[in-house]
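Residue numbers (my numbering), protein chains in the order written: chain A, 1412 to 1791; chain B, 12 to 303; chain C, 334 to 628. Remarks on the structure that follows.
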Amino acid sequence: MSGKLGAVLAVMALLAPAGAALAAEPGDYNIGFVTENTGPIAFAGLSYWHGAQLAAEEISASGYIGKGAKLGLVDKESGSDPARAIQALRGVIADRTVIATSCCILSPVAGSLKPIAISSKIPLVIFGATAPGLPQAPFVQSMTILPGPKDVATAKRAAEVTKPKTAAYFVAADNDAFKARMAAAQRELEAMGVKTAAVVSVLSADTDFTAAATQAMGVKPDMVLVYATQTPAVGIVTALRARDFGGTIVGNDVLSPDPVFKKLGPASKDVMFPISFSASMVKSDAGKAFVAAYRKSFNADPDIYSAQGYAVAYFIAQGLKSIPGKPTREGLAEALSKITVLEHDVYGGERIVEGQAETADTLIVSWSPEGKLAPWPSAQ
Amino acid sequence: MEALADFWAAYQSTLGFVVVNAFFALSAYAALSTGVLSFATVAYAAFGGFIGAQLVLQTGIDPLLALPAAGLAGAGLAYAVGLLFLRLEGHWMALASLALVLITRVVVLNAATLTGGVNGLSVPYEVSLGALVVLLLIAMFAFHRLSVSWYGIASRAVREDPAVAASLGMVPRRVQTIAFVISGAVGGIGGMLLALTLQFLAPDTFFINIAFTMIAAVVLGGSYHWVGAVIGAAVFTALPVVMQALVPAIQDVANGAALLLIMIFVPRGLFDPRALALRRTPVAKAAGGPHA
Amino acid sequence: MQLFIEQLINGCALGSLYAMFAVGFGLVFATLGILNAAHGTYASWAAIAALYATEQMGLPFPLALLAGVIAGGVLALVVDQIGFQPLRGRGAGMMGALITSIAFWIILDSLAGLATGQQSLSFPPGTTPSRMLHLGPILLPGIQLVSIGAMLLVTLGMHMLMRHTRFGSAMRAVGWNGTAAALGGVNPRMVVVATAFLAGATSGLAGVLAGVATQNVSFALGQGLMLKGFAAVVVGGYDDVRGAAVAGVSLGVLEVMSAQYLSSSLRDGITYVLLLGFLLLRPRGLFGRAAFVRA
Chain A
1412 MSGKLGAVLA VMALLAPAGA ALAAEPGDYN IGFVTENTGP IAFAGLSYWH GAQLAAEEIS
1472 ASGYIGKGAK LGLVDKESGS DPARAIQALR GVIADRTVIA TSCCILSPVA GSLKPIAISS
1532 KIPLVIFGAT APGLPQAPFV QSMTILPGPK DVATAKRAAE VTKPKTAAYF VAADNDAFKA
1592 RMAAAQRELE AMGVKTAAVV SVLSADTDFT AAATQAMGVK PDMVLVYATQ TPAVGIVTAL
1652 RARDFGGTIV GNDVLSPDPV FKKLGPASKD VMFPISFSAS MVKSDAGKAF VAAYRKSFNA
1712 DPDIYSAQGY AVAYFIAQGL KSIPGKPTRE GLAEALSKIT VLEHDVYGGE RIVEGQAETA
1772 DTLIVSWSPE GKLAPWPSAQ
Chain B
12 MEALADFWAA YQSTLGFVVV NAFFALSAYA ALSTGVLSFA TVAYAAFGGF IGAQLVLQTG
72 IDPLLALPAA GLAGAGLAYA VGLLFLRLEG HWMALASLAL VLITRVVVLN AATLTGGVNG
132 LSVPYEVSLG ALVVLLLIAM FAFHRLSVSW YGIASRAVRE DPAVAASLGM VPRRVQTIAF
192 VISGAVGGIG GMLLALTLQF LAPDTFFINI AFTMIAAVVL GGSYHWVGAV IGAAVFTALP
252 VVMQALVPAI QDVANGAALL LIMIFVPRGL FDPRALALRR TPVAKAAGGP HA
Chain C
334 MQLFIEQLIN GCALGSLYAM FAVGFGLVFA TLGILNAAHG TYASWAAIAA LYATEQMGLP
394 FPLALLAGVI AGGVLALVVD QIGFQPLRGR GAGMMGALIT SIAFWIILDS LAGLATGQQS
454 LSFPPGTTPS RMLHLGPILL PGIQLVSIGA MLLVTLGMHM LMRHTRFGSA MRAVGWNGTA
514 AALGGVNPRM VVVATAFLAG ATSGLAGVLA GVATQNVSFA LGQGLMLKGF AAVVVGGYDD
574 VRGAAVAGVS LGVLEVMSAQ YLSSSLRDGI TYVLLLGFLL LRPRGLFGRA AFVRA
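See below:
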């Protein structure tokens, strides 16, 4: 009897050090978070921040990094202004408890902060900027699910289902990412034989879209595609429906958060768009748990932004976990650049390719009359 | 000692921005010292900044060597602006310069070969904090020499009363044009320094923010002496950082409130040569006590 | 042809909002000599107040509109008395007032952001005149009719006030020279207070209507109005209400038409180049009086 017990104990003793090697030393580890909770895109900034907060709490409570190792967040507000963001980043870098940093929704701000993180030799994980090519090994990675490739697939699908003869495009003329996305979708549709009836430019700071909608309606398009940030996109959809445009509107992921449905109401019918994450269509267990916990903590459903913020914290935690003993900033950067698959993700599968996060599926959805996201076209 | 090093690491970039904003404030002061309120520094900064950045990007020379080019670009633009705008009366001049700021943004958005258009321009070169401080000291010295020269007296006269100055033989228009050229040179250099500090120029970089920052700096610090511009820049740049450290939840509101309080209590600015001079007069000394 | 008329109406409605805002902004500039950077926030806050009146207090649209207008006026009054009044005694001039207005702009903008939860809110469906009228084949949103009507009322009313009443004369006198006006029997304090309230109220009206028309109530509402209103004041001449109104409407029409028929990406550029052209060639604006510098 004691022999068997002894054998079991011996096996456990062998395993224990191996288990301890896959965990960081106990202590407080902080992520320096440059938040954008005020300013023009605060609605998204707050979502990213809440997602990260939830993840940090879970990681600390479950001992994911290691026993007694806690993950915290140190935040400094940047208001989406590059000068403030630079000062915020330097502020968190100077904090000795900060082991990694995270930032940026706007690509120009990310462009300003990248060189600082690289020269200060601290990992920077981008949570929202959509410009491709931002990651730079080993210090800069991005958890943003890039929207570009999905746009083309969505436009193609919409054209296959509704078979339009002409299409009108709305584009935010002062946003290069959206211009490129529109151009890609336009090429795809023209190759399919859908004529471009009009391209209407709006500016991201515009608030009145009646004239732009009238301009598009004037060419009587069968389908309309919108490539702009949230406020203009919502304004355009509202204006089009108010002027009795009944055709399909192809949007983008900015139309996915719940407050958008509240604003659009009945105008959201036949407005479809691609997203990487939806609280009402989540399939994996981790995803469902995320939705439930987010609802409990913040009284609202998580959106694509919350999912990305959540991924940032788990990504950094996964890196920390793989370093035995006391992690350093550079050591963490090396570890992060080696990660190719996220262990704990809410998408049902998230890969990291050359520092950029990717998901396998594209969900093409639209709003149901009850305000939930459902696959498009809805089963008739 | 460690705490001091941490403090320095956290706030060194703020000092960098203080220097850059001081250049913009000095540029605004240069025009204001001859009685002209002009927001056109934003345009000079944009022009100098983009030209200087492109020069470094295309030829790879040391950024500090490209600075004079930025200054010259700014000065050239300022000369042209002066020719067009100086014949306008005070209020209109201010409005026209504000309109110029708005136009600058449209030009930046559309001149993609120079400015990168909506993409912005990445400037992967930096300038050390030491170099920035040295440059500011040089600028301050230059302003000091100007203020005690013929030009300084002429500018004060033109500001006080252009009609009297003209009757004394100074040509207000000429003095103001010189002021504009100085303003342009300083603004252009400031623009390039901003490019090197942010390391990325977006279309919104040279816009209303800079216009308000520099005017606020000049007024806060005191618009009657060039030292005021530098002091004001330091206060206006450091204030949001202080508020973020003290009351992060309401930092923006606190920033505005602090500005408001300064304006209410010290409307002539923090550095007011007249108030300082008054305090040193014999009247004050006599009233001071038996040691007079 | 249908498109042309529809866009013309769109332009007039948009321009009416600019015009109403410009009237208030120009009033402050002409009478009080202040370039008020915080003026846009009065519009944002008026829209927020009207939204609150509709959602929380269940008031019908006309009353909510009134609530917004009064909120704008009261806010302008408060800003003037707290911020600008202390400066008047000390002669800090236009620049001191400009900095104070920047301070208020920062404060009021961030408070508006807090009040709206950093979101863009909209009026609940059915509470505003959002019906689409059909004039034959032409679509006319009901709110556009309200905007144009409001602009005509405001312009006419302000013009009558400024040119044909004693109070209007008092306002113009204070704008010209406060001390002389006081010597002439005018109470400058009352005039300043009334001017501030009126300016805030007209901006508030523009703000509420803009919030309804664009279904976008947020702290960014005032910003857009501010820039275009400023352009309208410059082009129209700041001491004549009719000039500001005509310029505002023209700018709106120009904006819409140039986007439709020329190029929608150069839309703002055309506005600002026009602005600059006016400043260089005819600085007093379309209707302004030539200003002569007091020796």
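The C-beta atom is built at its ideal place from N, Cα and C for all residues, glycine as well.
- Under the 8 Å Cβ criterion, the segment 22–35 of chain B does not count as touching the segment 1720–1732 of chain A, having fewer than three qualifying pairs.
- Not flagged as an interface residue toward chain B: A:ILE1516, since no C-beta distance is shorter than 7 Å.
- In the structure shown, the three-state DSSP call for A:MET1683 is strand.
- Here the segment 207–216 of chain B makes contact with the segment 125–134 of chain B; the two share three or more CB pairs at distances below 8 Å.
- By DSSP's assignment, A:GLN1552 forms a beta bridge with A:VAL1536.
- Remark: C-beta atoms of A:ALA1596 and A:ALA1639 do not approach each other more closely than 7 Å.
- Taking all protein chains shown into account, C:LYS561 has 16 or more neighbouring C-beta atoms within 10 Å of its C-beta and is therefore buried.
- Any Cβ of chain B closer than 7 Å to the Cβ of C:THR433 would place that residue at the interface, and such an atom is present.
- For A:TRP1787, the three-state secondary structure derived from DSSP is coil.
- For A:ASP1562, the enclosing alpha helix (DSSP H) stretches over residues 1559–1573.
- Any Cβ of chain A closer than 7 Å to the Cβ of B:ALA213 would place that residue at the interface, and such an atom is present.
- Within the segment 342–377 of chain C, no run of alpha helix (DSSP H) reaches 4 residues while sitting entirely inside it.
- Contact annotation, B:MET274 with C:ALA436: C-beta distance approximately 6 Å; criterion of less than 8 Å satisfied.
- Residue range 1606–1613 is occupied by the beta strand (DSSP E) that includes A:VAL1613, with no alpha helix (DSSP H) assigned at that position.
- Ranked by Cα distance from C:ILE381, the first of C:PRO470, C:ALA430, C:LEU609 and C:GLN451 is C:GLN451.
- Segment contact: the segment 538–554 of chain C against the segment 436–448 of chain C, three or more CB-CB distances shorter than 8 Å; contact assigned.
- By the Cβ-count criterion, B:LEU205 is buried, with 16 or more other Cβ atoms from all chains shown falling within 10 Å of its own Cβ.
- Between the C-alpha atoms of A:ALA1744 and A:SER1489 there is a straight-line separation of about 24 Å.
- Excluding residues up to 5 positions away in sequence, LEU1774, VAL1776, LEU1784, ALA1785 and PRO1786 lie with their Cβ nearer than 8 Å to the Cβ of A:MET1692 in the same chain.
- DSSP, read as helix, strand or coil, puts A:MET1603 in coil.
- Just so you know, the alpha carbons of B:GLN69 and B:GLY131 end up roughly 16 Å apart.
- Annotation for A:ILE1504: the continuous alpha helix (DSSP H) segment containing it runs 1493–1505.
- DSSP lists no beta-bridge partner residue for C:GLN593.
- Closest in C-alpha terms to A:ALA1608, from the list A:ALA1594, A:PHE1589 and A:MET1628, comes A:MET1628.
- Take B:LEU66, set aside five residues on each side of it, and the residues of its chain with a beta-carbon closer than 6 Å to its own are ALA77 and ALA80, in chain order.
- Residues of the segment 84–109 of chain B whose Cβ lies closer than 8 Å to any Cβ of chain C, in chain order: LEU95, PHE96, LEU99, GLU100, GLY101, HIS102, TRP103, ALA105, LEU106, ALA107 and LEU109.
- In the DSSP assignment, A:ASN1441 falls within the beta strand (DSSP E) that extends over 1438–1446.
- Per DSSP, B:VAL230 is one residue of the alpha helix (DSSP H) stretching across 219–232.
- Burial is judged here by how many other beta carbons sit within 10 angstroms of a residue's own beta carbon; B:ARG170 has at least 16 and is buried.
- Contact residues of the segment 256–270 of chain B toward chain A are PRO259, GLN262 and ASP263 (C-beta to C-beta distance below 8 Å).
- Judged by DSSP secondary structure, C:MET465 falls within the beta strand (DSSP E) whose first and last residues are 465–468.
- When C-alpha distances from A:ALA1480 are compared across A:SER1708, A:ALA1728, A:ASP1756 and A:GLY1782, the shortest belongs to A:ALA1728.
- Neighbours of B:LEU209 across chain A, judged by C-beta separation under 8 Å: PRO1493, ALA1494, ILE1497 and SER1523.
- By the criterion of a C-beta distance shorter than 6 Å, A:SER1733 is surrounded in its chain by ALA1746, once the five residues flanking it on both sides are discounted.
- Contact holds between the segment 566–577 of chain C and the segment 344–363 of chain C, because three or more Cβ pairs, one in each stretch, are under 8 Å apart.
- Along the segment 336–348 of chain C, the positions whose C-beta sits under 8 Å from a C-beta of chain A are LEU336, GLU339, GLN340, ASN343, GLY344, ALA346 and LEU347, read in chain order.
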